[in-house]
Each structure stands twice: as structure tokens, then as C-alpha cells.
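What follows is one structure encoded as C-alpha cells, with my remarks underneath.
Protein chains: 2
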Amino acid sequence: MSNQQTQQPVTASDGITSRAADYGQWYLDIVKRADLADHSSVRGCMVIKPHGYAIWEKLQRELDDRFKATGHVNAYFPLFIPLSMLAKEEEHAAGFAKECAVVTHYRLKTIDGKVTVDPESKLEEPLIVRPTSETIIWAQYKNWIQSYRDLPLLINQWANVVRWEMRTRLFLRTAEFLWQEGHTAHATESEAREEVSRMLAVYADVAENVMAVPVVRGHKTEGERFAGAIDTQCIEGMMQDGKALQMGTSHYLGQNFAKSADVKFLNKEGQLEYVHATSWGVSTRLVGALIMTHSDDNGLILPPKLAPIHVVIVPIYKTPEEQERTTAEAQAVAVELRAQGVAVKVDDREGMQPGAKYYEWERKGVPVRIEIGPRDLEKGSLCVVRRFVIEQDGESERDLRKRKKQFVPRAEAIAGMPELMQTLQRELLERARMMRDKRTRIIDTLDDYEAFFKGDGSGFAWVHWAGTHEDEDIIAKRFETSIRCLPFENQIPEAARGPGTCILTGQPSAQRVLMAKAY
Amino acid sequence: MSNQQTQQPVTASDGITSRAADYGQWYLDIVKRADLADHSSVRGCMVIKPHGYAIWEKLQRELDDRFKATGHVNAYFPLFIPLSMLAKEEEHAAGFAKECAVVTHYRLKTIDGKVTVDPESKLEEPLIVRPTSETIIWAQYKNWIQSYRDLPLLINQWANVVRWEMRTRLFLRTAEFLWQEGHTAHATESEAREEVSRMLAVYADVAENVMAVPVVRGHKTEGERFAGAIDTQCIEGMMQDGKALQMGTSHYLGQNFAKSADVKFLNKEGQLEYVHATSWGVSTRLVGALIMTHSDDNGLILPPKLAPIHVVIVPIYKTPEEQERTTAEAQAVAVELRAQGVAVKVDDREGMQPGAKYYEWERKGVPVRIEIGPRDLEKGSLCVVRRFVIEQDGESERDLRKRKKQFVPRAEAIAGMPELMQTLQRELLERARMMRDKRTRIIDTLDDYEAFFKGDGSGFAWVHWAGTHEDEDIIAKRFETSIRCLPFENQIPEAARGPGTCILTGQPSAQRVLMAKAY
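Sequences listed follow chains A and B, in order. Under this note's numbering, think of the first position of the first sequence as 157, with each following residue one higher. Under this note's numbering, think of the first position of the second sequence as 157, with each following residue one higher.
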């Protein structure tokens with residue numbers, strides 16, 4: 157990548173605050189030091205730098221392939237929504253009213269040598285920069301849907317959206333973000349609800365098997381539902397500070413949008429009916445989830461499936477003759493690895509110490525580094541260094557380092573690389589699961605709940621709940637926690653299944669919910 | 157595609173105005189009847205429907221692969237540009253001032269039961285929805301570029317942009333459109349100018365070898381340059397009505413943006429210098445170019461490299477038994493074709509006449525149709541129908557139809573399909589070249605010029621020119637023509653090379669320019 161040279165060499169933790177010292181600052185340091193994103197000159201809007209964007213592109217491809225495999229096609233709808241159109245579905249409009257960027261004029265003018273907005277270019281009707289596209293898309297579906305033969309209509313859009321957030325954080329919450337939004341139309345409620353579940357399963361598959369982030373699936377409570385939805389399903393991941401992150405949502409919208417946009421279809425019996433709608437989306441927020449789940453104090457850690465570079469090769473030398481030989485070997489190894497589908501970068505930059513290169517690629521999350529020195533050439537081996545290993549209890553620093561850095565016969569190292577990538581992918585998920593399980597509790601009393609969540613404490617709590625919306629507010633105020641989801645039954649650990657008693661109200665509860673602090 | 161069923165069967169030209177009758181209406185009919193795009197509820201903004209978007213996605217992939225192969229990486233910059241930032245480069249701001257969508261507020265409010273813009277949410281500084289991103293990107297580059305080691309910086313962005321056009325036409329000119337914009341930074345003028353040429357060559361390659369649209373490459377005149385550029389290079393295609401369409405531009409921006417954003421770098425000699433900039437872009441307008449170059453009165457014609465479906469197979473039957481056999485054979489042929497990398501759709505919709513299916517897929521531009529009836533099964537042959545053949549002088553309608561529709565032994569038809577796709581790709585370019593050459597003239601007098609362009613007349617005219625900017629206006633007013641480009645020397649037909657005399661002023665001219673009416 158052309159901008160890699162903008163980095164200055166630093167020691168491992170140089171420029172990165174440790175997680176223990178300040179988790180929030182650590183996150184921002186990773187984003188910055190791994191060259192993922194930057195703040196821009198526009199309040200709340202981020203710049204996604206090439207390394208961050210390359211990860212997003214890989215994630216897009218994984219998602220898009222799955223959308224197409226489940227019968228969806230892509231399309232593109234306008235950026236702007238007329239105010240009156242957004243206002244049609246009242247609940248929806250109310251939900252987004254406080255964060256809408258509004259276009260009111262369409263021309264500039266130079267007045268007294270200063271460029272200003274031309275007051276005469278005021279629009280008859282203000283335009284909202286889409287915060288989500290239900291209203292504009294359903295206005296279109298009205299023209300596209302007449303009969304049951306036109307259903308289901310399965311469309312996805314890749315787009316930018318704007319929600320004028322007051323407190324922003326790179327990737328996690330920004331005024332403008334990139335996302336995909338699926339908008340489907342169905343003849344029946346049951347078909348629409350099946351679609352909602354199908355797409356949530358796609359999201360869970362990508363989270364776990366591509367991002368290596370384990371998730372809990374479930375329904376949102378009434379208060380946390382998407383504005384205008386009848387059911388919102390979600391996947392929730394746990395970050396390393398024990399907080400939950402909502403990673404994707406899939407909504408059953410009932411006939412609300414069909415009614416406000418007047419979209420009816422002629423059913424097989426020849427009667428007019430309103431169409432049933434779903435929508436579902438994930439965004440660049442997932443890059444934030446990726447960082448916060450896997451990375452460490454030395455920088456980013458990427459699952460191989462999302463790593464733009466799988467292996468970086470660094471030639472090591474003292475003399476020009478050694479430089480020539482080790483660099484040639486690095487290139488030769490790169491060619492052989494690429495033939496196996498491995499994405500390789502040879503870092504042969506001159507005037508830079510190997511150590512500085514190691515730190516840079518560690519910071520950027522490259523899964524494997526190969527060091528090639530004159531002695532490796534003689535021995536016919538390669539020094540293969542993993543970006544991480546799962547730490548074992550009681551293991552010495554030295555033993556850990558030995559597992560991380562191994563000298564492997566050349567042919568074996570090359571032939572084994574695809575499998576090593578699979579291993580790293582699997583181990584990352586395993587490590588994240590272990591981390592999550594360690595911070596998950598089954599809690600039955602309010603005292604235990606308080607002990608678990610007091611101060612900076614966080615994690616997942618499986619809790620019986622039978623409270624009202626107001627009771628949720630009480631819990632939220634007192635502990636900064638919320639119901640992350642009403643989980644699908646198979647998502648609850650076996651030991652936590654079955655009915656019980658609400659920790660707040662003492663009322664009977666049919667099954668536990670997932671509670672946590674959240675981003 | 158799930159929305160294909162929204163089409164009602166029509167006769168070949170049903171719903172499509174002929175080119176001869178009304179070229180402009182024909183274009184809009186194709187866009188509509190081939191399901192490519194729709195007008196939206198927002199003035200000037202289009203909806204790109206799944207079939208149109210699938211073509212754009214293929215085009216994106218072809219372009220993106222070439223950008224990456226020439227060392228570029230993708231990134232993403234904010235949608236909004238603060239007014240003061242846009243105003244910094246004066247010429248640039250002036251060029252876009254008349255078509256800027258302006259965000260002035262960030263919240264809605266319900267007043268007396270009506271959703272309105274909250275007057276208290278007025279932004280301190282208005283934000284411009286990007287018409288292009290030079291200013292916002294160079295504000296960022298200031299932080300990314302310090303030394304010659306950071307150069308060249310080779311970044312591309314895929315994005316939506318907004319230019320508040322008053323007269324819009326689907327794909328060709330819309331208020332919002334999708335595009336890519338490359339923004340590169342270089343240490344020297346010569347490196348930057350090389351980049352400008354390199355990317356123009358990439359565009360010409362995609363135009364000719366992917367879109368099958370022959371183009372003339374050259375420089376824009378001063379009056380037609382991008383606002384803020386020192387040199388604008390372009391590719392110009394000819395549409396079937398003889399008008400030119402600018403299909404892509406590549407700009408050398410000199411140090412203008414580096415100066416207004418104060419981007420300096422430390423050169424190898426340790427001195428501070430301003431950086432040299434380029435930018436280059438193509439947009440969804442290319443889909444318009446594709447339509448207007450190849451399509452006919454029966455609908456869209458697509459080059460195989462951009463066709464989402466290469467082959468559609470239609471089983472033909474009268475009895476349920478025949479239906480079963482021909483449909484099974486259609487599926488079997490599809491499997492064998494897919495194994496060769498051919499994108500196949502089996503159209504086994506029931507209750508629809510084969511003819512209606514033929515017309516639908518013709519309208520949508522599928523390059524090859526295979527019909528399979530009971531007799532084809534018996535004979536072991538397939539009926540292969542091309543979407544087009546190059547018409548030959550004096551050929552009877554019957555002979556032409558025989559070349560278009562052929563019965564080919566099954567194995568041969570399947571094995572030969574990839575080659576047939578290459579043939580169709582090549583023939584489309586050839587046909588477009590012939591069409592262009594037929595409407596191209598070397599013109600030496602104003603009388604001949606007038607005769608060529610009067611009324612609806614158009615085409616490419618190679619003309620000697622030594623006029624001023626004002627003289628260009630005279631020609632534009634009188635004939636509705638403009639200088640499409642000052643061509644690179646190798647772009648001029650041999651017979652038109654060398655010096656001569658300006659047709660308007662009689663002054664000496666070193667080489668001819670390309671004149672035409674244009675979109």
C-alpha cells in the first residue's frame with residue numbers, strides 16, 4: 157500500500173495506550189496506529205484510510221456473496237428523502253427526527269467577494285439525507301409491486317447514511333457511515349418472518365466464521381426496537397472490556413411501511429392485500445467490533461479471512477551480498493505462497509531496521525511474519541512468527557514466545573501456510589469464546605448483579621426478568637446496563653435455561669435475558 | 157432476478173419508440189423497458205434497478221481490478237464539505253457553486269402536529285454535499301504527507317456525488333450519481349502527468365475492451381477543463397445519433413490544491429515543496445454510453461463482459477411430458493455451460509409463451525438465447541440465437557435471420573460458447589467502429605461544416621482550428637457543436653494529420669481538433 161511509508165518506526169507499545177490503563181484510549185490508538193481511520197474536518201464524519209477500507213472491502217465481499225446466494229440482488233436508491241415522505245410513517249420519523257441532516261438550498265453565490273449560500277436557491281421542500289432508506293424505497297416499491305407474482309422482492313443496497321450523532325467514536329458511532337440495507341417485500345407474514353431469521357443467520361455466520369466474533373442471537377425489547385418495526389432481531393458480541401456491541405439487526409416491519417406508502421398486491425385469490433416488509437443491516441461499525449474483540453497492546457489482530465495481507469516477509473541482512481540473497485529468497489517464497497492463494501507482502505524497504513518493520517506489521521494485524529536471514533538460508537528453514545497464540549495458564553513468557561516463533565523447514569512452512577491460516581482463524585474464535593465465557597455469569601439476585609456491574613465491571617449476565625419498560629430504565633440508570641436481547645432459546649447456556657424469578661420485581665419469568673453494559 | 161416477473165409480455169417493439177422516430181425517447185424507453193433505472197420521487201435523482209446495478213457492478217469490478225493493478229488503493233472520505241473548505245480553491249468553488257446541495261440544519265421537530273425542520277438546529281457553518289472531493293481529500297492529505305517517502309500517494313474512492321443539475325436524463329445527467337474518483341499526490345510534475353496519462357489509458361482500455369465502445373483520446377480546451385485543473389484529458393465516444401459523449405476524464409491539477417490546502421513535502425534535497433496532484437473519474441454515465449452505443453429498437457444489447465446473464469435457455473413444450481423433458485435438458489445444458497464460466501439463466505416460468513420470454517430477454521440485452529424443443533432433443537441439437545449480428549450490405553432479411561439463429565450440435569454449441577462470447581464482444585466493438593467511421597468526416601470549409609451539422613445532423617468532424625475561446629462560443633451558438641478534444645496525435649486518422657487552416661478564422665493550425673454535438 158502506497159501510504160505505508162507514512163509510518164514512523166516505533167517500539168511495540170509506542171503510541172498505543174495499554175488496555176489495562178485506558179481501554180477507550182487503547183481503542184482509538186489502535187485505529188490510529190494501525191492506519192485504519194482518521195477524524196475529518198467535518199464534525200463526526202470519519203475518513204476510512206486504505207488499510208481500514210481494505211478490511212471493509214473483504215467484509216463486504218463475504219456479506220455480498222451470502223446475500224446473492226440467498227436470492228438477493230443489489231440496487232441503488234436516492235441519497236435524499238423529501239421531508240413529507242419521511243414523515244409518512246410517524247413512528248419511524250419520530251425515531252430519526254433528532255439526527256437528520258437537512259438540505260435546504262441548492263446553490264452558492266459570491267456576495268461581496270465571499271462564497272455564501274444563495275438565499276434565492278431555497279428548496280420548496282427540505283430534503284433529508286437518508287438515515288436509512290425504508291421510506292424512499294417503499295415509495296418505489298409501490299410502482300414495482302402489483303401481484304403476488306412480483307413477490308418476494310429481495311433487494312439490498314450498499315450505501316452511505318447519515319445520523320447526526322452528538323457523541324461519535326471512529327467506526328462505532330459516526331455521523332456518516334457505510335452500510336448495507338436489505339429491504340424485502342413478501343406476500344405473507346410467515347414468509348417475511350422467515351426472511352428476518354434467514355438474514356440474522358447470515359449475519360451470525362459472518363460474525364463467527366469470518367470475523368471470529370462469537371455472538372448471541374435474540375430479539376430486542378420493545379424499547380430497543382427499530383423505529384417502525386414489529387420485531388427487531390440482533391446479534392450481540394462481547395468486547396474485551398466486557399461490554400456488549402450490537403453488530404447487526406434484522407427487522408420484521410409488518411405492513412407499516414406498505415400502509416404508509418400504499419403498497420398493495422393482488423393475491424392468488426384475486427384480493428388486494430398490503431405487503432409484508434423486512435429490513436436488515438450491518439455497517440462499518442463491524443470494523444470496530446473486530447478491533448475490540450481481538451486486538452492487543454501491540455496493535456491490531458486480524459482473522460485471516462479479513463486480512464488484506466496474510467503474510468509479510470522481512471529479509472534480514474548486514475552486507476549488500478546478504479541483502480541480495482535474502483531478498484531474492486523472500487521473493488521466491490512469496491511466489492510460492494501466492495500460488496497457494498496466500499496474500500503476501502515482501503517488506504524490502506531499505507534504511508529501516510527489521511525490528512521497526514516487525515512492529516509496524518504487528519500494529520497492522522498481519523497474521524504471520526516470516527523472517528529470512530543468512531542463517532535461515534543455510535539451514536533451509538524459515539522463521540515463522542504468528543501474530544498471536546492462545547495464552548496458557550502458568551506458561552512462562554519464554555515458552556509462549558517459543559510457540560509464537562518457530563523455525564520450520566522451508567517446504568513444510570510453505571505447504572502448511574493455508575492450514576496455519578485456518579488454525580489462526582479457528583483459534584481467534586476460540587480465544588474470543590473463552591474471553592466471553594470468562595466474563596459471563598448466571599445471576600439470580602440484585603446484590604450479585606450490583607457486585608458484577610459496579611464501577612467499571614462488565615460482562616454478560618444471564619438474568620431472569622419480568623419488569624416493565626420503566627423497570628428497564630431503573631436498571632439502566634442504576635447500573636448502566638440494558639437488556640441486550642431476549643435470546644432465542646438455543647442461545648442460552650444450558651445451565652441458565654428454564655423459568656425463574658425476576659431479579660428486580662420478584663415476578664415469575666419464563667426464561668432469562670442477556671444483560672450487559674453496551675456501546 | 158426477483159423482479160423480472162414485474163414485466164408484462166410485449167411484442168418486440170412494444171413500448172420502445174424506434175431510434176428513427178425519436179432517438180431521445182428511444183433511449184428513455186430502453187432504460188425503462190430493460191429495467192435499468194427509474195425516476196424517483198426526488199427531483200433529478202434516479203433509482204438504479206437491479207438489472208442496471210448488476211451492469212454497474214461488473215463495470216466497477218473491471219475498473220477496480222485495473223486501479224489495483226496500477227498500484228492504487230481504495231479509501232473513503234466524508235460526504236460533506238464545509239463551505240469554507242470548498243471555497244478555498246476559488247476557481248474550483250466557482251465551477252461548482254451553481255449546483256451545490258447545501259445542508260443547513262441537523263434536526264427535525266414536530267410543531268403543531270407537523271414534522272418540520274427545527275429552526276434551532278441551524279449549523280454554524282453550512283455543509284456542501286460533495287460534488288467532487290478534491291477539497292476534503294487534500295485537507296486530509298496535509299496530515300498524511302510530510303516527506304518524499306510518502307509519495308506517490310495513490311488513492312481511489314467509490315462514492316456518490318451530487319450536482320444539482322436542472323435538466324437531467326437517466327444515467328447521463330442526474331443530480332446524484334455514483335462514480336469513482338482517483339486522487340493522487342506526486343513529488344514532481346512529470347510523475348503527476350504520467351499518472352494522468354496512465355489512468356486515461358485505463359479508461360480507454362475499459363471503454364474499448366470491456367464496453368466495446370471505441371473512443372478518441374485527447375485534451376480538453378481551456379474552457380472545457382475541470383474547474384481548478386491545468387490539463388484535462390478525456391475519452392470521447394460516439395453515440396448512434398452521431399453525438400459525442402464524454403466518458404471519462406483525467407486531470408493534472410498542478411499545485412493548485414496543494415497550495416490551497418497547504419500540502420508541502422520535504423524533497424530528497426531537504427527542501428519544502430508543494431505536492432503535484434491529479435484526479436480522474438468515471439461514473440454511472442457509462443451505463444448510458446453503453447446503451448446508446450449498442451442497443452437497437454428491440455432493446456438493450458450488452459457486451460458479454462458486462463452482461464449479468466450470458467445465455468438464457470428457454471424450454472419449449474406443448475404437453476406436460478414435453479415440459480418435463482425440455483426443462484430437464486435446459487437444466488443439464490445450464491450446468492455444462494456454467495462449468496465453462498458462462499452465466500446462465502433457465503427461464504422455466506410457467507403460463508408464459510416462449511415468444512414473450514424471447515422478447516423480454518432481448519429487451520434486457522442477454523447476448524445469446526438457447527431454445528430447446530422436443531425436436532431439438534431428438535436431433536441432439538440446440539437452437540442458438542444471437543442477440544445481434546453485423547448487418548451486411550444487400551443481405552436479405554432471411555439471410556440475416558439465418559446467421560442470427562442457428563441449429564448447432566449440442567456438444568459443439570456448449571463447447572463453443574466461451575468463444576462465441578468473445579466473438580460477440582469483438583463484433584460489437586467492430587460494429588461500433590464502423591458506425592463511428594461512417595459518421596466521421598474530414599472537413600475543411602465552413603460550408604461543409606454547416607452542411608454536416610445542420611438540423612439534426614451530427615457526427616465527428618476533424619477540423620483545423622485556431623480560434624479563441626470566443627470563437628468557440630460562436631461555433632457553439634451557430635451549430636450546437638463544440639471542440640470535444642484536442643486529440644493526441646496518434647488518435648487522428650492518417651488522412652487527417654498535419655497542419656492546415658482554421659475553418660473559422662483562416663489562421664494556420666498545427667493539427668486538427670475533434671468537433672461534434674455532444675451530450
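We put the CB at the ideal spot given by N, CA and C, even for glycine. This one's a predicted model, so the numbers in the text were calculated from it and none came from an experiment.
If the criterion is Cβ atoms closer than 7 angstroms, does the pair Ala341/A and Tyr297/A meet it? yes
Below 7 angstroms between beta carbons: does that hold for Pro460/B and Gln581/B? yes
Close Cβ partners of Lys291/A (< 6 angstroms) along its chain, the five nearest in sequence each way excluded: The sequence given here places Thr at residue 291/A; Lys does not occur at that position. Ile237, Met241 and Leu242.
Using 8 angstroms as the threshold, is the stretch 468-479 of chain B in touch with the stretch 373-390 of chain B, meaning 3 or more CB pairs across them? no
Cβ of Val166/B less than 7 angstroms from any chain A Cβ? In this prediction, Val166/B has a pLDDT of 41, which is less than 50 and means its spatial position is unreliable; what the coordinates show is noted afterwards. It does not; no Cβ of chain A falls within 7 angstroms.
How would you call Ser346/A, buried or exposed, if buried means at least 16 neighbouring beta carbons within 10 angstroms? exposed
C-beta contact flag for Thr330/B and Met202/B at 7 angstroms: yes
Host beta strand (DSSP E) of Glu392/A (start-end): Asp387 to Met394
Is it buried or exposed for Leu670/B, if we count other Cβ within 10 angstroms and need 16 for buried? buried
Which residues, in order along the stretch 171-200 of chain B, keep a beta-carbon less than 7 angstroms from a beta-carbon of chain A? Asp194, Ser196, Ser197 and Val198
Looking at chain A, which residues of the stretch 233-246 of chain B have a Cβ within less than 9 angstroms of any of its Cβ atoms? Phe233, Pro234, Leu235, Phe236, Ile237, Pro238, Leu239, Ser240, Met241, Leu242, Ala243 and Glu246
Look at Met577/A and His450/A and say whether their C-beta atoms are less than 7 angstroms apart. no
Grouping DSSP H, G and I as helix and E and B as strand, with all else coil, what is Lys461/A? helix
Element boundaries [alpha helix (DSSP H), containing Pro510/A]: Pro510 to Arg519
In its own chain, which residues sit with a C-beta less than 6 angstroms from the C-beta of Ala622/B, not counting the 5 before and 5 after it? Cys658, Thr661, Gln663 and Ser665
Indicate whether at least one CB of chain A lies closer than 7 angstroms to the CB of Gln579/B. Strictly speaking, residue 579/B in this sequence is Thr, with Gln absent from that position. Chain A contact via Cβ: absent.
Hey, is Lys254/A's beta-carbon within less than 7 angstroms of any beta-carbon in chain B? yes
So, is Leu584/B buried or exposed, given that buried needs 16 or more other C-beta atoms within 10 angstroms? buried
Does the stretch 377-391 of chain B come into contact with the stretch 246-263 of chain B, if we say contact requires no fewer than three beta-carbon pairs (one atom in each stretch) closer than 8 angstroms? yes
Using alpha carbons as the reference points, say which of Arg640/A, Arg668/A, Ser638/A and Leu642/A lies closest to Ala651/A. Arg668/A
Give the range of the alpha helix (DSSP H) segment to which Thr449/A is assigned. Arg441 to His450
Can you tell me whether Ala672/B is buried or exposed, with buried defined as 16 or more other CB within 10 angstroms of its CB? buried
Return the chain-ordered list of same chain residues with a C-beta closer than 7 angstroms to the C-beta of Ala190/A, the five sequence neighbours on each side being excluded. His207, Gly455, Leu456, Arg519, Lys520 and Gly521
Is Thr482/A close to chain B? Criterion is C-beta to C-beta, closer than 7 angstroms. no
Contact set for Thr226/A: own chain, Cβ-Cβ below 7 angstroms, skip 5 residues either direction: Arg354 and Val358
Is the separation between the beta-carbon of Arg597/A and that of Phe608/A shorter than 7 angstroms? yes
Report the residue ranges of all alpha helix (DSSP H) runs contained in full by the stretch 504-586 of chain A; include only those spanning at least 4 residues, in chain order. 510-519, 530-535, 553-560 and 566-571
So which residues of chain A does Ile311/B contact, with C-beta pairs closer than 7 angstroms? Pro206
Hey, Val318/B and Ala400/B: beta-carbon distance below 7 angstroms or not? no
Can you pull out the residues from the stretch 325-336 of chain A whose beta carbon lies closer than 7 angstroms to at least one beta carbon of chain B? Glu332 and Leu334
List the residues of chain B whose Cβ lies closer than 7 angstroms to the Cβ of His261/A, in chain order. Val258 and Thr260
Could you tell me the distance, in whole angstroms, from the CA atom of Tyr605/B to the CA atom of Val619/B? 9 angstroms
Is there contact here, the stretch 567-574 of chain A with the stretch 493-500 of chain A, by at least three beta-carbon pairs under 8 angstroms? yes
Inter-residue Cα distance where the pair is Glu218/B and Leu192/B: 19 angstroms
Flag Leu264/A as yes if its beta-carbon sits less than 7 angstroms from any beta-carbon of chain B, otherwise no. yes
Through-space distance from Gly379/B to Met322/B, alpha-carbon basis: 21 angstroms
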